[in-house]
Structures are given as C-alpha cells and as structure tokens.
Amino acid sequence: MIEDTIAAISTPLGEGGIGIVRVSGTGAADIAGKIFRAGSKINFLNENRKLIYGHIVDEKGVDLDEVLLCYMKGPHTYTREDIVEIHCHGGIVPMRRVLEQVLARGARLAQPGEFSKRAFLNGRLDLAQAESVIDIIRSKTDRSLSLAVSQLKGNLSKKITELQNKILGLLARVEANIDFPEEDLEENAGEAIIREGEKVLKEFEEMISRADTGRVYREGISTVIIGNTNVGKSSLLNALLRENRAIVTDIPGTTRDLIEEVINIRGIPLRIIDTAGLRETSDFVEKIGVEKTRETINRADLVLVVLDAVRGLDDEDRAILELIKEKKALILINKVDVDEAKIRIKESDVRRLVRERPVLWISALKGTGIDRLEKEIFEMVTGGRVTGSDTVLVANIRHKEVLERSARHLQEAITGARQALPVDIVAIDLREAWEALGEITGSTATEDLLDRIFEDFCIGK
Ligand SMILES: Nc1nc2c(ncn2[C@@H]2O[C@H](COP(=O)(O)OP(=O)(O)OP(=O)(O)O)[C@@H](O)[C@H]2O)c(=O)[nH]1
Ligand SMILES: [Mg+2]
165 MIEDTIAAIS TPLGEGGIGI VRVSGTGAAD IAGKIFRAGS KINFLNENRK
215 LIYGHIVDEK GVDLDEVLLC YMKGPHTYTR EDIVEIHCHG GIVPMRRVLE
265 QVLARGARLA QPGEFSKRAF LNGRLDLAQA ESVIDIIRSK TDRSLSLAVS
315 QLKGNLSKKI TELQNKILGL LARVEANIDF PEEDLEENAG EAIIREGEKV
365 LKEFEEMISR ADTGRVYREG ISTVIIGNTN VGKSSLLNAL LRENRAIVTD
415 IPGTTRDLIE EVINIRGIPL RIIDTAGLRE TSDFVEKIGV EKTRETINRA
465 DLVLVVLDAV RGLDDEDRAI LELIKEKKAL ILINKVDVDE AKIRIKESDV
515 RRLVRERPVL WISALKGTGI DRLEKEIFEM VTGGRVTGSD TVLVANIRHK
565 EVLERSARHL QEAITGARQA LPVDIVAIDL REAWEALGEI TGSTATEDLL
615 DRIFEDFCIG K
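Sequence positions in the sequence shown follow our numbering and run 165 to 625.
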C-alpha cells in the first residue's frame with residue numbers, strides 16, 4: 165500500500181480553456197475538502213465521479229479560481245487510488261496557485277509518470293500497457309496511435325503471456341524428469357522440447373522480424389535531404405509537405421539553418437530535414453551549415469540525395485554520393501519538367517555511381533514523381549511488408565531486446581535437448597527464457613527498470 169498523496173498539473177503549461185490539477189492517494193479527498201467550496205450545499209464526497217461546481221480557496225478563505233471538481237473514489241480509477249481532479253481555468257497562474265494549495269495541505273509533487281507508475285504498481289495496468297500510454301500521447305500519425313491503443317488494450321501483453329505459457333509447458337515436460345538429475349533428458353521429453361521449442365522459437369522470430377516496422381511507426385524515420393546548392397532541396401521539402409515551408413530562391417546557398425518537419429507517409433512519421441547545399445565554400449556561415457549537414461547525414465536513417473537534371477553531374481555531386489556510401493538512400497534527379505533538350509544528366513551515369521539504390525526522376529516544382537517517391541520510401545523503411553492492423557506489432561526497442569534475449573535462452577535450451585544434456589541445465593535455460601519475457605509485462609521487472617521507464621514520462625501522467 166502506497167501511503168503518500170501525489171499531485172501535479174496534468175495539462176500543458178500555457179493558455180487554454182481549462183487546466184487540470186490531479187491529486188491521487190489516500191489523502192486526496194481530505195485535501196479537496198479543505199480547499200474546495202462547493203457552489204451549492206452539495207458534499208462532493210457523496211458525488212462519486214461527478215463534476216461539482218465551486219471555488220478553490222486559500223488558507224484565508226479567499227477565492228483563487230472558479231473550478232469544477234471531480235472526486236473519483238478508488239479502486240475504479242486510473243491509479244486505483246482516490247483521485248481528485250480540479251478543472252481550473254487554463255492559465256499558468258491559476259493552475260500554479262491551485263497546485264500550491266494542494267501541496268500546502270499535504271500532497272507532494274508527483275514525479276514524471278508517477279500516476280502511471282501507481283497504476284502499474286496497483287495492478288491497474290501491466291508494464292507494456294503503461295508504456296503505451298506515453299506512446300499514445302506522443303503518437304505522430306493515425307497508425308502509430310492505433311498501434312499504441314492496441315497495446316493499451318493488452319494485445320501485446322496477451323501475446324507475451326501466451327509465449328510465456330508455452331515455455332512453461334516445455335518446462336513442465338523437463339521437470340517431470342528432474343527428480344533424476346543425474347539422468348540425461350529422457351528420450352521422448354527431449355524430442356518434445358526440440359519439436360515444440362522450434363515452433364515457439366518461430367513465433368519469436370516473426371515478432372522480432374516485424375519489430376523494426378513497429379518501431380518505424382512508433383518513432384518515425386529521420387530523413388535528411390542533401391545535395392548541391394540550388395538543386396531544389398527546399399522545393400522538395402515543400403512538395404512533400406504540400407505547403408511552402410522552406411524558403412526557395414534561385415540564389416545558391418539560400419538554406420543555411422537546418423529546417424525540420426514531420427510528414428506522414430502512409431502512417432509512417434517521417435522527420436525530414438532540409439539542409440544547406442553541400443559545396444566547397446569560403447563563406448564562413450555557409451561553412452558551418454555544411455558541417456552541420458555532414459553530422460546530420462551520420463545521424464539519419466534515410467538520405468534523399470537531390471541532383472539537378474539541368475546542371476548535370478559534377479565533381480561535387482560525385483563527392484556527395486561518396487559521402488552516403490554506407491547509408492540507406494534514394495537518389496532523385498530533379499527538374500524533370502524542363503525541356504528535354506536542357507537535360508544534361510544521364511540516368512545510366514547516376515546508376516553506375518549509386519549501384520542498387522533507387523533512382524527517381526522528379527519535379528519538386530510541379531509535384532511530378534512525388535507519389536512514386538512516397539511509395540519508394542514506404543517500401544524501403546517497411547521492407548515492403550504490409551502488416552494488417554490486427555497484427556500485434558512490437559514497436560518498442562526495449563521489448564524487441566527482451567524478445568531477442570528470451571529467444572537466445574530458448575535456443576540454448578533446444579540445443580541442450582539436442583545434445584541430450586542433463587535435465588537441470590535445459591530447465592535453467594527455459595526458466596531464463598520465461599523470466600526475460602516477464603520484463604515486457606512487468607511481472608519480473610526490477611525496481612531499476614521501472615524507474616528508467618517511468619522517468620521518461622511527462623509530469624502529471
Ligand atoms: N524547373 C524547375 N525548377 C526547380 C525545381 N525545383 C526547384 N527549382 C528551382 O531551383 C531553384 C532553387 O530551388 P531551392 O529549392 O531553393 O534549392 P535548394 O537546393 O534548396 O537551394 P539551397 O538552399 O540554396 O542550397 C529555385 O529557383 C527553384 O524554383 C523543379 O523541379 N523544376
Ligand atoms: Mg534550400
């Protein structure tokens with residue numbers, strides 16, 4: 165049982181119609197009783213889960229704000245504790261003043277994610293579900309949202325528990341032999357571990373192989389547009405955004421600072437950065453821009469290289485293509501809208517330099533080839549695999565690592581069974597595989613791990 169009462173402002177700090185101060189714990193009702201004056205003769209304690217009109221007052225009885233208060237009696241609440249939510253006016257000062265009163269009457273300021281941590285500790289959500297809450301808040305596209313909602317519903321947890329049960333089944337077969345630890349694994353049991361174990365291992369592998377796609381939906385892809393000056397990089401960003409975000413001029417060196425935007429490509433959030441054109445330069449400011457671009461390329465998941473069809477390939481373009489040798493990249497020949505006679509780039513020359521990478525002709529100005537480009541990007545980052553919306557996708561890198569660790573233990577157990585190792589050794593590997601999986605749902609998570617997960621949350625959640 166957690167004894168203390170926590171409080172925080174749960175809405176963003178800024179101007180808004182309403183702002184909510186949330187209080188959770190054994191003292192929540194008591195604190196509300198001291199600072200809330202209902203508008204009529206209602207006792208809010210008798211009005212579970214209803215909004216009651218009134219005022220928050222300070223120690224001297226002076227009104228701080230006109231509010232609606234909602235008292236929610238545990239255990240049917242987010243944290244399973246008594247919760248009071250005070251809906252004040254959404255301004256920094258009213259919310260702060262109300263929070264101050266709550267803290268002055270005995271609550272303590274909640275840590276980031278502490279409401280959700282309590283929801284987990286009190287058995288309201290398992291760990292994967294609690295993690296999905298922050299994914300919902302941070303989702304960038306419809307698809308990332310629906311993935312996170314599915315996880316909150318417990319679909320991932322269900323799958324993980326199924327896998328755990330299958331491993332337990334294997335363990336039971338091994339342990340039937342364990343009374344005779346000196347013995348090697350009984351012939352039949354050994355075969356069963358190999359046969360059934362391989363099946364379970366396949367399920368692991370499928371989940372792991374789809375995890376990168378899940379991660380792409382959850383985190384997005386960091387993409388950078390590079391190329392010589394004046395080739396149309398900013399125009400391409402605008403074409404992808406379908407709005408005029410970046411400044412486009414015919415003066416080389418227009419873009420100096422990096423511009424970052426998020427676009428939605430078939431449900432995948434693409435965090436896309438327009439850069440300063442890469443060229444040898446003596447302009448000091450531009451030099452800094454070019455240096456930044458190099459760093460950005462190193463950090464990016466995907467690079468879009470823009471070439472200018474009119475200007476043709478030059479040494480600088482070749483240098484740029486050299487720079488991305490190790491990166492996932494698409495090569496775009498821009499300005500295909502001009503008269504054919506003006507085009508000085510040969511696709512075969514480009515292809516020779518970039519080997520198997522896709523080369524597309526586009527016009528950033530007219531929007532030609534942009535759909536095709538989006539299709540290529542989607543296929544590149546998902547491996548062309550379309551996953552149905554009811555498929556359980558592992559989207560969190562932490563979950564993927566746990567699955568990999570668990571799979572390794574299972575593999576060890578199978579190998580052990582193949583070599584007819586003593587039963588207790590095979591049993592240890594199976595138990596470790598089972599235990600690792602519990603880190604996803606939290607059944608075997610350590611205090612340390614929990615701290616690490618919840619400290620990444622926002623305040624008030
Ligand atoms: N004909 C044609 N002109 C284009 C196209 N894309 C860009 N341009 C023109 O090329 C010039 C440079 O475009 P920007 O988008 O500013 O090029 P940039 O690569 O961002 O240039 P810097 O930021 O200076 O490196 C502008 O005059 C654009 O109108 C295109 O598809 N067709
Ligand atoms: Mg530009």
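Note that the Cβ used here is the ideal one computed from N, Cα and C, for glycine as well.
Predicted model only: the values in this text are computed from it and were never measured.
When the beta-carbon positions are compared, ALA591 and GLU339 come within less than 8 Å of each other.
By the Cβ-count criterion, HIS240 is exposed, with fewer than 16 other Cβ atoms from all chains shown falling within 10 Å of its own Cβ.
Around the beta carbon of LEU273, fewer than 16 other beta carbons lie within 10 angstroms, which makes this residue exposed.
Runs of the beta strand (DSSP E) lying entirely within the region 208–264 and spanning at least 3 residues, in chain order: 215–221, 227–236 and 247–254. A straight line joining the alpha-carbon of TYR235 with that of LEU614 spans about 28 Å. Collapsing the DSSP output to three states places LEU177 in coil. Within the same chain, Cβ atoms closer than 6 Å to the Cβ of ILE507 are found at ALA473, the five residues on either side in sequence being excluded. Ranked by Cα distance from GLU230, the options TYR242, GLU245, ASP593 and ARG261 are led by ARG261. One alpha carbon belongs to GLY548, the other to SER308, and they sit about 18 Å apart. Distances taken from the Cβ of THR305 to the heavy atoms of ligand 2 include none shorter than 7 Å. Taking 4 residues as the shortest admissible run, the region 423–472 contains the following complete alpha helix (DSSP H) segments, listed from N- to C-terminal end: 448–463. Rounded to the nearest angstrom, the gap between the Cα atoms of ARG430 and PHE542 is 7 Å. Cβ-Cβ distances below 7 Å link THR457 to ILE390, THR439, ALA440 and LEU442 in the same chain, with the five nearest sequence neighbours on each side left out; the list follows chain order. In this chain, the alpha helix (DSSP H) harbouring ILE541 covers 534–546. The three-state reading of DSSP puts PHE368 in helix, counting H, G and I together. Of the residues assessed, ALA268 falls on the exposed side of the cut-off, its CB having fewer than 16 other CB atoms within 10 angstroms. For VAL590, the enclosing alpha helix (DSSP H) covers residues 587–605. Pairing LEU496 with ILE461 gives a Cβ-Cβ distance that is not under 8 Å. At a Cβ-Cβ threshold of 8 Å, ILE166 and ARG282 count as neighbours. In the structure shown, VAL187 adopts extended strand secondary structure according to DSSP, grouped into three states. For ALA202, the uninterrupted beta strand (DSSP E) segment begins and ends at 200–202. For the set LEU557, GLU538, THR377 and VAL523, the Cα lying nearest the Cα of ILE436 is the one of GLU538. Sixteen is the threshold: when 16 or more other Cβ atoms of the shown chains lie within 10 Å of the Cβ of PHE208, as they do, the residue is buried.
Your pair THR377 and THR551 checks out as a contact, with CB atoms roughly 6 Å apart and the cut at 8 Å. Selection THR190, HIS251 and GLY333 evaluated against GLY180 yields HIS251 as nearest (Cα-Cα). Around THR546, the same chain offers THR377, VAL380 and ILE432 as residues with beta carbons nearer than 8 Å, after the five sequence neighbours per side are excluded.
Nearest in C-alpha terms to LEU601, of all of LEU404, ALA202 and LYS322, is LYS322. With a cutoff of 8 Å on beta-carbon distance, GLY354 and ALA171 are scored as not near each other.
For ligand 1, no non-hydrogen atom lies closer than 7 Å to the CB of VAL514. A heavy atom of ligand 1 is found nearer than 7 Å to the CB of PRO416.
One alpha carbon belongs to ALA505, the other to PHE448, and they sit about 37 Å apart.
Rounded to the nearest whole angstrom, the CA to CA distance from SER373 to ILE220 is 54 Å.
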